[in-house]
Amino acid sequence: MADLMQFDLVSPERKLASVEASSVQIPGADGDLTAMADHAPLITTLRPGILTVEGPEGTMEYVVTGGFADVAGPSVSVLAERAMPKADVTGDVLAELISDAEAKHAAATDTAVDVAAKLVADLNALKDSLGA
Amino acid sequence: MPNLKDLKNRIESVKSTRKITKAMQMVAAAKLRRAQEAAEAGRPYAERMLAVMSGLAASVGNSEGAPRLLAGTGSDQTHLLVVMTSERGLCGGFNTTIVRLARAKIAELLAAGKTVKLLTVGKKGREQLKREYGDLMVAHVDLSDVKSIGYGNAAEIANDVLTRFDAGEFDVASIFFNTFQSVISQIPTETQIVPAKFDAPEEADDAATLYDYEPSEEAVLEDLLPRGIATQIFTALLENAASEQGARMSAMDNATRNAGDMIDKLTIQYNRSRQAVITNELIEIISGAEAL
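For the record, the sequence lines run as chains A and B. Note that our numbering gives residue 32 to position 32 of the first sequence, counting from 1, and the numbers run on in steps of one. Count along the second sequence from 1, add 1000, and you get the number used in our numbering.
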């Protein structure tokens, strides 16, 4: 059994999870990464994706959009703008997020266009992976 | 002396007023608990966010390429004041204290020759400021349809503020709101949100300097600053909501007590008048009998 670390998932409105975990797979902006206990201190921004937490209590999956993760040795905190247990995410919720992102993409100018386009692409990839 | 029927009506009407204020007090108490819970629940996020941001700001803040949201535009000519008040009245001095603070700030800025723009959140503050500073108002956010404040509301306000900032409409932005201290005490507070200001990080924060940043310090900061602003606004809205209910609760408690006092006084007056009427009648009967 791997060492355990403290895992917290918080959204602006509430704390979604605060459990012991052996590994956390984070959808980082530059690609997925898995943090285990005693990972080097790291702060990364998130892209929309699935956050997988493995711990003694089993595996939990959350869908997160935007925010950042703070990995520091004995603890991992994920601060997500929106986070939901994977089971709660329906096609409707995603469709809403995607249409929001597309509207932003259409309204974006200059460098923001690329950022918005990436958001749309990430959301679509997320939708595909959920099979919703 | 008012006649008995009038007094009776008066007592009845004060009694029903007391019932209403009592009910409002209890509703406010229930809402206050919920608002406090919401404020409590939002705290971990806001604290973490602030900790990470101030660490980052300390390491990036002084470099050349620091984002404008952190470094500012280099001038402080135009100020945007975001005044957050309630949508409903009957909450004591809640709105007045915020507006008074904002008014003092406006006067100070105008006296210094600065340009002031106002963005109001909540109907009550706009009403109070409109008379004097109506021409300074640039926008108003209406939250009267919002049952419980969500992060989405804060994000919308933040978006609005950021769009204005990008369009060069202002240099400095501050928010005005009440910090919830207790049911009887709410503290009007002013916080500067643009350019972002952080308390100097605790000295020699070794842990903060060791972090790896992905994609890069600047990119993370760029991503975080707008979120930080939204978070600050969200925290302020939650504090405000709790303060409003607290203020309403104590205002309604006072009103209920005053109504009680008034009923007691009126009841004594009523009883005296009734006694006087009876005495009068007796005198009439007796003097009538004596005359015979």
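Beta carbons: idealized from backbone N, C-alpha and C, even for Gly.
Quick one: what's got a C-beta closer than 8 Å to residue i's C-beta in the same chain, skipping five residues either side?
i	result
proline 22 (chain A)	With the sequence shown as reference, residue 22 (chain A) is identified as serine, and proline is not the correct amino acid for it. Excluding residues within five positions, the ones whose Cβ falls inside 8 Å are Met1, Ala2, Asp3, Leu4, Met5, Met36, Ala37, Glu54, Gly55 and Pro56.
leucine 1090 (chain B)	Met1024, Arg1248, Ala1251 and Met1252
aspartate 1205 (chain B)	Because aspartate 1205 (chain B) carries a pLDDT of 49, less than 50, the predicted location of this residue cannot be relied on, and the following value inherits that uncertainty. Cβ within range, chain order: Gly1055 and Ala1058.
methionine 1049 (chain B)	Leu1224, Arg1227, Gly1228 and Thr1231
asparagine 1003 (chain B)	Ser1273
threonine 1096 (chain B)	Gln1128
lysine 1114 (chain B)	Asp1076, Gln1077, Thr1078 and His1079
Taking residue i as the reference, give the member of the options with the closest Cα.
i	options	result
leucine 1080 (chain B)	B:Tyr1045, B:Ile1157 and B:Phe1094	B:Ile1157
proline 1195 (chain B)	B:Gly1042, B:Val1027 and B:Gly1072	B:Gly1072
glycine 31 (chain A)	A:Ala69, A:Glu81, A:Ala103 and A:Leu130	A:Ala69
serine 1174 (chain B)	B:Asp1076, B:Lys1022, B:Ser1059 and B:Lys1130	B:Asp1076
threonine 1078 (chain B)	B:Arg1103, B:Ala1241, B:Ile1283 and B:Leu1109	B:Leu1109
lysine 1147 (chain B)	B:Asn1280, B:Leu1237, B:Val1014 and B:Lys1265	B:Leu1237
valine 1014 (chain B)	B:Glu1281, B:Ile1278 and B:Asp1261	B:Asp1261
aspartate 110 (chain A)	B:Asp1212, B:Asp1166, B:Arg1257 and B:Glu1218	B:Asp1166
threonine 1021 (chain B)	B:Lys1031, B:Arg1048, B:Val1161 and B:Asn1258	B:Asn1258
glycine 91 (chain A)	A:Glu20, A:Lys127, A:Gly28 and A:Ser18	A:Lys127
glutamate 20 (chain A)	A:Arg47, A:Ser75 and A:Thr34	A:Ser75
leucine 1007 (chain B)	B:Asp1264, B:Ile1286, B:Asn1280 and B:Thr1179	B:Asp1264
valine 1060 (chain B)	B:Glu1222, B:Gly1246 and B:Asn1280	B:Glu1222
glycine 1074 (chain B)	B:Ala1155, B:Met1137, B:Val1172 and B:Ala1028	B:Val1172
valine 1083 (chain B)	B:Ser1287, B:Glu1290 and B:Gly1125	B:Gly1125
threonine 52 (chain A)	A:Thr34, A:Leu42, A:Ala103 and A:Val115	A:Thr34
arginine 1043 (chain B)	A:Val24, A:Arg14 and A:Leu42	A:Arg14
alanine 1155 (chain B)	A:Ala103, A:Glu81, A:Ile43 and A:Ser77	A:Glu81
Taking only beta-carbon positions, decide if residue i is within less than 9 Å of chain A.
i	result
alanine 1207 (chain B)	The pLDDT assigned to alanine 1207 (chain B) is 48, lower than 50, so where the model puts this residue is not dependable, and the model offers no usable value.
alanine 1155 (chain B)	yes
aspartate 1253 (chain B)	no
alanine 1204 (chain B)	In this predicted model, alanine 1204 (chain B) has a pLDDT of only 45, less than 50, meaning its place in the structure is not dependable; the value taken from the coordinates is given anyway. No, alanine 1204 (chain B) does not count as interfacial toward chain A.
methionine 1049 (chain B)	yes
glutamate 1169 (chain B)	no
tyrosine 1293 (chain B)	Outside the displayed range of chain B (1001 to 1292) lies residue 1293 (chain B), so it cannot be described from this structure.
valine 1052 (chain B)	yes
glycine 1150 (chain B)	yes
leucine 1056 (chain B)	yes
arginine 1164 (chain B)	no
Can you find a CB in chain B that lies within less than 9 Å of the CB of residue i?
i	result
leucine 79 (chain A)	yes
lysine 15 (chain A)	yes
isoleucine 98 (chain A)	no
alanine 72 (chain A)	yes
aspartate 3 (chain A)	no
alanine 121 (chain A)	no
glycine 66 (chain A)	yes
serine 11 (chain A)	yes
alanine 106 (chain A)	no
valine 113 (chain A)	no
aspartate 8 (chain A)	yes
leucine 130 (chain A)	no
alanine 117 (chain A)	no
Does the distance from the CB of residue i to the CB of residue j come in under 9 Å?
i	j	result
valine 1121 (chain B)	threonine 1085 (chain B)	yes
phenylalanine 1176 (chain B)	isoleucine 1233 (chain B)	no
leucine 1069 (chain B)	proline 1226 (chain B)	yes
aspartate 1135 (chain B)	lysine 1123 (chain B)	no
phenylalanine 1094 (chain B)	serine 1243 (chain B)	yes
tyrosine 959 (chain B)	serine 99 (chain A)	Summary: the structure shown does not reach residue 959 (chain B), with chain B confined to residues 1001 through 1292, and so no result is reported for it.
tyrosine 1211 (chain B)	alanine 1219 (chain B)	no
serine 1182 (chain B)	glycine 1246 (chain B)	yes
leucine 1162 (chain B)	methionine 1137 (chain B)	no
alanine 1039 (chain B)	glutamate 1169 (chain B)	no
leucine 130 (chain A)	alanine 101 (chain A)	no
Using a Cβ-Cβ cutoff of less than 6 Å, which residues in the same chain neighbour residue i once the five nearest sequence positions on both sides are dropped?
i	result
lysine 1005 (chain B)	none
leucine 39 (chain A)	Before going further, note that residue 39 (chain A) is histidine rather than leucine in the sequence given. Here the set comprises Val71.
glutamine 1128 (chain B)	Val1099
threonine 45 (chain A)	Ala29 and Phe68
leucine 16 (chain A)	Leu9 and Ala83
tyrosine 1270 (chain B)	Leu1007
glutamine 1192 (chain B)	Ser1174
leucine 79 (chain A)	Val10, Gly67 and Phe68
Which same chain residues, not among the five before or five after residue i, have their C-beta less than 7 Å away from its C-beta?
i	result
alanine 117 (chain A)	His105
glutamate 1190 (chain B)	Leu1101, Lys1105, Ser1174 and Phe1176
lysine 86 (chain A)	Ile50, Glu61, Tyr62 and Val63
tyrosine 1160 (chain B)	Per the sequence shown, residue 1160 (chain B) should be read as aspartate rather than tyrosine. Ala1139.
asparagine 1153 (chain B)	Leu1143, Val1146 and Leu1237
serine 18 (chain A)	Asp8
Residues of the region 33-59 of chain A with Cβ closer than 7 Å to any Cβ of chain B, in chain order: Ala40, Pro41, Leu42, Ile43, Thr44 and Thr45
Residues from the region 1032-1045 of chain B in contact with chain A, defined by Cβ distance under 8 Å: Ala1038, Ala1041, Gly1042, Pro1044 and Tyr1045
Members of the region 1229-1251 of chain B that neighbour chain A once the beta carbon cut-off is set at 7 Å: Thr1231 and Phe1234
Interface residues of the region 1209-1225 of chain B facing chain A [CB-CB below 8 Å]: If the cut-off is 8 Å between Cβ atoms, the region 1209-1225 of chain B has Leu1210, Tyr1211, Asp1212, Tyr1213, Glu1214, Pro1215, Ala1219, Val1220, Asp1223 and Leu1224 near chain A.
Contact set between the region 1261-1289 of chain B and chain A, restricted to residues whose Cβ is under 8 Å from the partner: none
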